[in-house]
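Numbering (my numbering), first residue to last: 936 to 1136.
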């Protein structure tokens, strides 16, 4: 009777060990799948189309060329392109100013003085019809100010989606920074990097 109990107990222990091993394997497999999904999600870029850079106390965000919307701004060789971005002054005290933007693509024209007060943002974009009808506002960090028009005139070549073009920004206080600038991919577009892990699922 004692031997029978010992044999039964031994079989029960073996079954318990087998079940535990299978459960551990399942957990590892699920962890592997989860890790692959997290890596892929983490590789997605923010839902903006432009590039970014920091120089001094200035943070440039969503720097991009706008997609052609009119015959005037066609992004074609010999024509014009519009540059868009947000410039954020992170300083608590100093006003900064965009002195110039240069590029081999053509001559950059800044329509208005581009000063940025401390802790404020100034936007470069193509003004809408409503903006054009309103009186000019102070661009020094006024949140209600219409966007500043910055265009590249006399393009030396086509400005094509999928490529980036170096632009050199010069700020009075912050200094100089080069931004490799893409063409706006359009509304609702999200740029993603290839997934770094493929667990075969």
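Virtual Cβ for every residue (Gly too), placed ideally from N, Cα, C.
**Identity of the residues DSSP links to residue 989 by a beta bridge** = Note: residue 989 sits in a beta bridge opposite 994.
**Request:** Go ahead and label residue 1081 buried or exposed: buried means 16 or more other beta carbons lie within 10 angstroms of its beta carbon, across all protein chains shown.
**Result:** buried
**Asked** Quick one: is residue 1015 buried, meaning 16 or more other Cβ sit within 10 Å of its Cβ, or exposed?
**Response** buried
**Item:** Collapsed DSSP secondary structure at residue 963 in the structure displayed
**Value:** Low confidence applies to residue 963: its pLDDT is 43, below 50, so where it sits in the model is not reliable, and the reading given next is rough at best. Helix, per DSSP.
**Message:** Strictly by DSSP, which residues pair up with residue 1054?
**Reply:** Answer is none; residue 1054 lacks a bridge partner.
**Message:** Here's the rule: buried if 16 or more other CB atoms are within 10 angstroms of the residue's CB, otherwise exposed. What is residue 984?
**Reply:** Around the beta carbon of residue 984, 16 or more other beta carbons lie within 10 angstroms, which makes this residue buried.
**Beta-bridge partners of residue 1041, as assigned by DSSP** = 1038
**Message:** According to DSSP, is residue 1118 part of a helix, a strand, or is it coil?
**Reply:** Of the three classes helix, strand and coil, the one that applies to residue 1118 here is strand, per DSSP.
**Asked** Can you tell me the Cα-Cα spacing of residue 1061 and residue 1018, whole angstroms?
**Response** 8 Å
**Prompt:** By Cβ distance below 8 Å, which residues in the same chain neighbour residue 1101 in space, the five residues on each side in sequence not counted?
**Reply:** 1038, 1039, 1113, 1114, 1115 and 1116
**Prompt:** Straight-line CA distance for residue 986 to residue 994?
**Reply:** 11 Å
**Prompt:** Taking Cβ to Cβ, would you say residue 1022 is nearer than 8 Å to residue 1045?
**Reply:** no
**According to DSSP, residues forming a beta bridge with residue 1101** = 1115
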